[in-house]
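Data first, discussion second: the structure below is written as structure tokens.
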Ligand SMILES: Cc1cc2nc3c(=O)[nH]c(=O)nc-3n(C[C@H](O)[C@H](O)[C@H](O)COP(=O)(O)OP(=O)(O)OC[C@H]3O[C@@H](n4cnc5c(N)ncnc54)[C@H](O)[C@@H]3O)c2cc1C
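In the working numbering, the protein residues as written are 6 to 449.
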């Protein structure tokens with residue numbers, strides 16, 4: 006096996022200090038390959054594995070383009086100067102002002118996944134992840150505006166008709182329309198294929214009836230992508246369709262939960278009491294809704310991970326400064342190995358989880374399978390973030406546990422997305438499914 010020469014006649018080995026171990030690759034029945042990446046990559050290593058167990062591509066790309074770096078810096082400055090000073094203010098549960106949402110929109114945040122032709126940015130998935138990571142340094146909850154706008158825009162672009170696209174996508178990009186996505190019900194969360202909300206066809210309309218639970222932005226969204234049953238319950242996932250539902254229609258009611266965290270997002274329930282929706286508002290053919298939901302969740306799982314890791318990275322950086330100055334027994338805390346090694350460990354885990362999330366997004370940008378990487382990132386990212394922020398609380402002593410500091414709020418906020426968009430058990434089930442095959446599903 007030889008490494009394919011690339012990039013001006015230089016082999017991969019000449020271009021990087023990273024060495025691929027040929028014997029290990031041979032043992033895995035792998036072929037190493039190299040080819041120029043898309044414009045954002047300078048070069049990358051690719052390992053193509055041909056055994057079933059190691060099917061797929063593993064890409065390692067360590068460079069952001071100049072455009073991506075500039076975007077990250079702009080959002081980091083915005084997050085630190087504008088979002089961070091107000092982060093704790095929104096923990097009271099007061100609705101987020103619409104002018105602030107429009108401010109985010111003016112930075113491109115709500116239009117990242119809206120194509121330019123509809124007034125958006127048309128950004129890559131990697132860029133979407135960068136935005137989540139940077140914004141979360143100032144206010145983790147603000148990334149939920151990004152996530153819901155991106156996921157719903159993707160669904161509308163792929164499955165909406167042209168008049169829906171022309172009407173709704175510019176509103177998403179400009180921050181005029183806030184979207185929610187409603188799959189979960191009181192009786193169906195992880196087992197989402199068993200939802201019972203029904204959309205009954207009645208001439209040119211569907212009549213929607215049922216209750217959705219734990220919906221981010223239930224209290225404030227203007228419209229919602231709603232998943233409802235159009236086929237019999239025995240059809241499971243294949244009997245589910247998606248609809249774009251304006252939330253000012255007669256028969257829609259909402260309530261906001263008292264929640265431990267993520268209060269800015271007004272999470273709550275949506276009840277549909279014989280709500281009439283035009284047939285044109287169905288997204289894609291009948292019975293394809295569940296597949297749409299799943300394809301959106303895969304990449305957003307990495308975006309969630311990066312939001313959690315952004316909040317953790319900011320906490321760790323603040324804690325590094327704190328322990329350099331806080332003295333006990335005549336010495337700064339940073340001189341105690343018990344302290345500095347804790348930080349070293351959390352920084353390492355945060356960096357590893359971050360790379361995994363970007364790997365998922367890079368695969369998604371290349372149109373490659375990324376379900377496994379998305380599930381890995383979604384399990385690892387929030388877990389690592391929770392553990393890091395918890396350590397930051399302890400390392401600040403009583404001060405860290407007080408409301409003077411943002412750490413307890415960050416912890417409460419981040420824990421929410423250990424559950425939302427799929428729990429750790431369900432993520433491990435997906436990793437196992439992708440490894441062992443469908444006959445070993447944990448959710449059947
Ligand atoms: C902050 C937050 C935001 C959310 N936002 C949204 C939203 O915008 N839209 C939306 O539709 N939903 C949303 N949700 C709902 C979320 O997707 C569900 O809570 C989640 O999918 C889990 O479902 P559940 O709460 O019903 O738990 P259950 O499915 O009842 O699971 C309970 C526990 O059992 C475990 N479990 C379940 N099945 C298995 C199994 N087969 N094997 C092993 N363990 C299992 C789970 O991992 C979990 O620990 C949100 C939730 C939170 C917390």
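In this text, a Cβ means the ideal position worked out from N, Cα and C, and glycines have one as well.
| Item | Value |
| --- | --- |
| Within 10 Å of its beta-carbon, does residue 475 have 16 or more other beta-carbons around it, so buried, or fewer, so exposed? | Here the chain comprises residues numbered 6 to 449, so residue 475 is not present and cannot be evaluated. |
| Checking contacts by CB at 8 Å: is residue 320 closer than that to chain D? | Any reference to chain D falls outside this structure, which holds one protein chain only. |
| Is DSSP giving residue 246 helix, strand or coil here? | strand |
| What does a CB cutoff of less than 7 Å around residue 270 pick up in its chain, not counting 5 residues either side in sequence? | 146, 149, 221 and 222 |
| Do residue 199 and residue 431 count as a contact pair if the criterion is CB distance below 8 Å? | no |
| Taking residue 187 as part of the beta strand (DSSP E), name the residues at either end of that continuous run. | 184-187 |
| With the cut-off set at 8 Å, would you say residue 78 and residue 308 are in Cβ contact? | no |
| Judging by CA-CA distance, which residue of 412, 164, 144 and 186 is the nearest neighbour of residue 86? | 144 |
| State buried or exposed for residue 44, treating a residue as buried only when at least 16 other CB atoms are found within 10 Å of its CB. | A caution first: residue 44 carries a pLDDT of 35, below 50, which makes its placement in the model too unreliable to give a value. |
| Compute the minimum distance between the beta carbon of residue 221 and the heavy atoms of ligand 1, and state whether it is under 7 Å. | yes |
| Would you kindly work out how many angstroms separate the C-alpha atoms of residue 293 and residue 163, rounded to a whole number? | 12 Å |
| Return the Cβ separation of residue 115 and residue 187 in integer angstroms, given the expectation that the two are a contact with Cβ distance under 8 Å. | Their Cβ separation, rounded to whole angstroms, is 19 Å, which puts residue 115 and residue 187 out of contact at 8 Å. |
| Can you name, in chain order, every residue of its own chain whose Cβ lies under 8 Å from the Cβ of residue 394, other than the five neighbours on each side? | 316, 317, 320, 412, 415, 416 and 419 |
| So the candidates are 237, 122 and 141; which of them puts its Cα closest to the Cα of residue 83? | 141 |
| Between which two residues does the beta strand (DSSP E) carrying residue 279 extend? | 273-283 |
| Please say whether residue 396 and residue 351 have beta carbons closer to each other than 8 Å? | yes |
| Mapping DSSP to helix, strand and coil, what is residue 304? | helix |
| Is residue 160 near ligand 1, going by C-beta to nearest heavy atom under 7 Å? | no |
| Can you tell me whether residue 226 is helix, strand or coil according to DSSP? | coil |
| Could you check how far apart the C-beta atoms of residue 139 and residue 80 are, in whole angstroms? I think they sit under 8 Å. | 4 Å |
| Mapping DSSP to helix, strand and coil, what is residue 433? | helix |
| For the candidate residues 251, 253, 404 and 370, whose alpha-carbon lies nearest to that of residue 331? | 404 |
| With a threshold of 7 Å (Cβ to nearest heavy atom), would residue 272 be considered close to ligand 1? | yes |
| Taking residue 300 as the reference, which of 171, 74 and 160 has the closest Cα? | 160 |
| Where are the alpha helix (DSSP H) runs, 4 residues long or more, that stay fully inside the stretch 364-431, in chain order? | 376-400, 403-406 and 412-424 |
| Helix, strand or coil: how does DSSP classify residue 43 here? | Because residue 43 sits at a pLDDT of 36, beneath the cut-off of 50, its placement in the model cannot be relied upon, and the following sentence gives the value as read from the coordinates. Residue state, collapsed to three classes: coil. |
| I want to check one thing, is the minimum distance from the CB of residue 427 to the heavy atoms of ligand 1 below 7 Å? | yes |
| Check for me: the beta strand (DSSP E) holding residue 260 runs from which residue to which? | 257-261 |
| Let me check understanding here. Comparing Cα to Cα, which of 73, 168 and 302 lies closest to residue 286? | 168 |
| In this structure, does DSSP put residue 286 in helix, strand or coil? | helix |
| Tell me, to the nearest whole angstrom, how far the beta carbon of residue 130 is from that of residue 369; I am working on the premise that it is less than 8 Å. | 4 Å |
| If we call anything under 8 Å between Cβ atoms a contact, is residue 249 one with residue 173? | yes |
| Taking the Cβ atom as the reference point for each residue, do residue 328 and residue 344 lie within a distance shorter than 8 Å? | yes |
| Please classify residue 133 as buried or exposed, where buried requires at least 16 neighbouring CB atoms within 10 angstroms. | buried |
| Using the Cα positions of residue 356 and residue 246, report the straight-line distance between them to the nearest angstrom. | 39 Å |
| Let me make sure I understand the geometry here. Which of 376, 109, 242 and 333 has the alpha-carbon closest to that of residue 401? | 333 |
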